[in-house]
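Inspection log for the structure reproduced underneath, given as structure tokens.
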Amino acid sequence: MREGAGPWLGAAAALVYVVLLAPVAVVVFIAFSADSFIVFPPSGYSLRWFQRLWAHEALMRGLSLSLMLAGIVTIGSLAIGVPAAYAIARAKVPAAGALKAFFLAPLLLPTLVLGLALLMALQPLRLTATLTGLALGHMVMTVPFVIRLMVTTFATLPDEVEAAAASLGATPWRVFRRVTLPLAIPGLAASAFLSFLLSFDETVISLFISGPRASTLPVEMVRYVEGRTDPLVAALSVVLIVATLFVILVVERIAGLARVVGR
Amino acid sequence: MSGRQREQPLRGRLTGLALIAPALVLLGAIYLWPMLGLGRMAFNETGSTGAMAPALSLATFRSLFEDPFTLETTWNSVWLSFVATLLALVLAYPLALFLHRTQSRFRSLLTVLAVAPMLVSGVVRVFGWLALLGDRGLINAALMGSGLTAQPTRLVYNYFGVTLGLAESLMPYMILALLAGFGRLDRACEEAAATLGAPPWRVFLRVTLPLTVPAIVLGFLLCFVLAMSAYITPKLLGGGRVFLLATEIFDHAITNANWPAAAALALYTLVLVLLLVAAYAALTRRAEA
Chain A
738 MREGAGPWLG AAAALVYVVL LAPVAVVVFI AFSADSFIVF PPSGYSLRWF
788 QRLWAHEALM RGLSLSLMLA GIVTIGSLAI GVPAAYAIAR AKVPAAGALK
838 AFFLAPLLLP TLVLGLALLM ALQPLRLTAT LTGLALGHMV MTVPFVIRLM
888 VTTFATLPDE VEAAAASLGA TPWRVFRRVT LPLAIPGLAA SAFLSFLLSF
938 DETVISLFIS GPRASTLPVE MVRYVEGRTD PLVAALSVVL IVATLFVILV
988 VERIAGLARV VGR
Chain B
99 MSGRQREQPL RGRLTGLALI APALVLLGAI YLWPMLGLGR MAFNETGSTG
149 AMAPALSLAT FRSLFEDPFT LETTWNSVWL SFVATLLALV LAYPLALFLH
199 RTQSRFRSLL TVLAVAPMLV SGVVRVFGWL ALLGDRGLIN AALMGSGLTA
249 QPTRLVYNYF GVTLGLAESL MPYMILALLA GFGRLDRACE EAAATLGAPP
299 WRVFLRVTLP LTVPAIVLGF LLCFVLAMSA YITPKLLGGG RVFLLATEIF
349 DHAITNANWP AAAALALYTL VLVLLLVAAY AALTRRAEA
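If you want it as structure tokens, here you go:
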């Protein structure tokens, strides 16, 4: 038997790639269409939908809200998740295992149920359709994610280095700042990247707790696509895909993508 | 030194508490409390005017189970999730096997490409399917352009479109689950079978496939649970003509503002998924024994 995959399997895989990537590929193609609706083949190609995009108020407002929200959620999730993960990984608290199970529990629930529960809890407090409410809602997902990632990161760090620093007279805080934290940078970069992306793309929870006063970009996109299908959303998608690729490249430089995906 | 050591346990415990307290308070407030509230909400009643009345009754559950529509949406959800997961498995399997076996130097790039759609917003991918399957979409344009059909074929805003879109959105998860499980696939077993004269299809059916059953079981379970609770894809590709538990929960909560009904249906769906997962686990365990 030959090494490798063989021609039949290769051909089958190529076909599956077509199915898998077709929706994204067609979106990129349509974004450059010159027509006012989706037509194949387009009568011409232009950048008019990209120009229209900047003038579309609702989508642009959604974009700036989503960017701000993702930034706040990322900072908040790291600030709350990293210390908790450190305490669990270094067993500085009793019942670390039970605590970890509690912290990771939201990841087991569908966002549909979490979103519904958040709507019912935040509405009486008048927090729906506010930046605070949306940030809290997204952190149900991102804080557990950061804790899971950082517990693994801290647990795989060699504790001899920390012990060495401590025995040389460094205070616990100094050990954490000068030894543990620098070693954990790939994990921290991955946590930040995934928190940002999770918050920026989060749709279901946002649909429950958004409102006319504050709607995130995915919510505005859902509303737009429900109403009509023209190349405007395609142009927006191309901008988002390019931005995601850019962020991936930056993370790759900092942390190494293989380590981010592998964990 | 001895004085410092004696105070260390208390200080250590206080530090630990200080480190963990923000996360405990936050998740208590935005996860535990809302989930308890959801459970409580299902036992409230809805008056004839549609206004919610605080109560401790099973009236909402009773009207849920008396409504034949509940059974219909349950069946729709289970069947659609099953077919979409099966389709995702059938499509993802050859791709995962290819990625597992290939010696190409682009192997890691190809793997990233296979799971990259996960990083693209679900709304964008659904929009892509609308552009492919719509009446003026690429497939209908090709069908009509080649003269095969005169009228556009309805490929979307029905169960077919939702199943296809859902299967595609599940594929990256299925590929990751299969790749993780293919680790135990021993090339030597396949080679031994081939050396002993088995034709390739027989090697696949008798050696490769049985060895990868655990990976299939895991990937199927993961994707089925994801499919049962998927909302965006059925909502946008269904166009209001596909009735699933997920879409009904959202409609109860937002469109009808009937929170007790939404909460009861959400609890019902959670229990249903748990029961199906337990039944599936029991079945596979018996099959393995």
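If you read the sequences in order, they're chains A and B.
Read in the working numbering, the first sequence has 764 at position 27, and its numbers run on one by one without any break.
Read in the working numbering, the second sequence has 367 at position 269, and its numbers run on one by one without any break.
Note that the Cβ used here is the ideal one computed from N, Cα and C, for glycine as well.
Distance, residue j Cα to residue i Cα
i: B/E266; j: B/A151; result: 42 Å
i: B/G220; j: B/I330; result: 7 Å
i: B/A377; j: B/I347; result: 24 Å
i: B/R102; j: A/V830; result: Summary for B/R102: the model assigns pLDDT 44, below 50, so the residue's position carries little reliability; its value from the coordinates is reported in the next sentence. One C-alpha to the other measures close to 20 Å.
i: A/F840; j: B/D165; result: 37 Å
i: A/V810; j: B/G263; result: 30 Å
i: B/L277; j: B/M216; result: 16 Å
i: A/F766; j: A/L894; result: 45 Å
i: A/T981; j: B/A325; result: 25 Å
i: A/L864; j: A/A854; result: 13 Å
i: A/G799; j: A/E963; result: 16 Å
i: B/F159; j: B/I118; result: 38 Å
i: B/R205; j: B/M272; result: 18 Å
i: A/D896; j: A/T917; result: 9 Å
i: A/Q860; j: A/P820; result: 30 Å
i: B/V224; j: A/G834; result: 39 Å
i: B/R339; j: B/T171; result: 12 Å
i: A/L873; j: B/L208; result: 37 Å
For residue i, three-class secondary structure by DSSP
i: B/T57; result: Outside the displayed range of chain B (99 to 387) lies residue 57 of chain B, so it cannot be described from this structure.
i: A/A748; result: helix
i: A/G874; result: helix
i: B/Y329; result: coil
i: A/G712; result: Outside the modelled stretch of chain A, which goes from 738 to 1000, sits residue 712 of chain A, for which no answer is possible.
i: B/S219; result: coil
i: A/S770; result: strand
i: B/A248; result: coil
i: B/A151; result: strand
i: B/R104; result: Unreliable positioning characterises B/R104 in this predicted model, as indicated by a pLDDT of 43, which lies under 50. A coordinate reading is not provided.
Contact under 9 Å by Cβ, residue i with residue j
i: B/V222; j: A/P968; result: no
i: B/L178; j: B/L368; result: no
i: A/F882; j: A/Y823; result: no
i: A/V858; j: B/G137; result: For the sequence presented, residue 858 of chain A should be read as Ala rather than Val. It is not a contact, given that the beta carbons lie outside the stated cut-off.
i: A/L931; j: A/H875; result: no
i: B/W202; j: A/G818; result: According to the sequence shown, residue 202 of chain B is Ser rather than Trp. Not in contact: B/S202 and A/G818 (Cβ atoms no closer than 9 Å).
i: B/A140; j: A/F945; result: no
i: B/A194; j: B/T261; result: no
i: B/L231; j: B/L253; result: yes
i: B/Y255; j: B/N174; result: no
i: B/P270; j: B/A214; result: yes
i: A/M887; j: A/L920; result: no
i: A/S928; j: A/S814; result: yes
i: A/F777; j: A/V975; result: no
i: A/Y754; j: B/A212; result: yes
i: A/P847; j: A/V877; result: no
i: B/A344; j: B/A359; result: no
i: A/I775; j: B/G235; result: yes
i: B/G336; j: A/V763; result: no
i: A/S803; j: A/P955; result: yes
Endpoints, the alpha helix (DSSP H) within which residue i is located
i: B/E266; result: Y257 to G279
i: B/F180; result: P166 to R199
i: B/A361; result: W357 to E386
i: A/Y961; result: L954 to G964
i: A/R789; result: R785 to A792
i: B/G135; result: W131 to M139
i: A/A842; result: Unbroken run through A/A842: none, as it is neither H nor E.
i: A/R911; result: P909 to V912
i: B/N238; result: L236 to G243
i: A/E939; result: Premise fails: A/E939 is in no alpha helix (DSSP H) and is neither H nor E.
i: A/T848; result: T848 to L859
i: B/S202; result: Where B/S202 is concerned, there is no enclosing alpha helix (DSSP H), given that its DSSP letter is neither H nor E.
i: B/R285; result: R285 to T293
i: B/P298; result: P298 to V301
i: B/A389; result: Only positions 99 to 387 of chain B appear in the structure, and residue 389 of chain B is not among them; the question remains open.
i: A/S904; result: D896 to S904
Proximity test, residue i beta-carbon vs the ligand MG heavy atom, cut-off 8 Å
i: B/S327; result: Summarising the ligand content, the structure contains no ligands, and the ligand MG is consequently not present.
Closer than 8 Å between beta carbons: that is the criterion. Which residues of the region 790-808 of chain A meet it against chain B? none
The region 213-230 of chain B: positions lying closer than 9 Å to chain D by Cβ: Absent from the structure: chain D. Protein chains present are A and B.
Residues, ordered as in the chain, of the region 815-838 of chain A that lie near chain B by beta-carbon distance below 7 Å: I817, G818, P820, A821, Y823, A824, K829, V830 and L836
Chain A contacts from the region 151-172 of chain B (Cβ-Cβ distance under 9 Å): none
Can you list, in chain order, the residues of the region 885-909 of chain A whose Cβ is nearer than 8 Å to any Cβ on chain B? P909
Got a sec: which bits of the region 943-966 of chain A sit with their beta carbon under 8 Å from any beta carbon on chain B, in order along the chain? L944, F945, P955, M958, V959, V962, E963 and T966
For the region 928-944 of chain A, which residues have a beta carbon sitting closer than 9 Å to at least one beta carbon of chain B? L934, F937, D938, T940, V941 and L944
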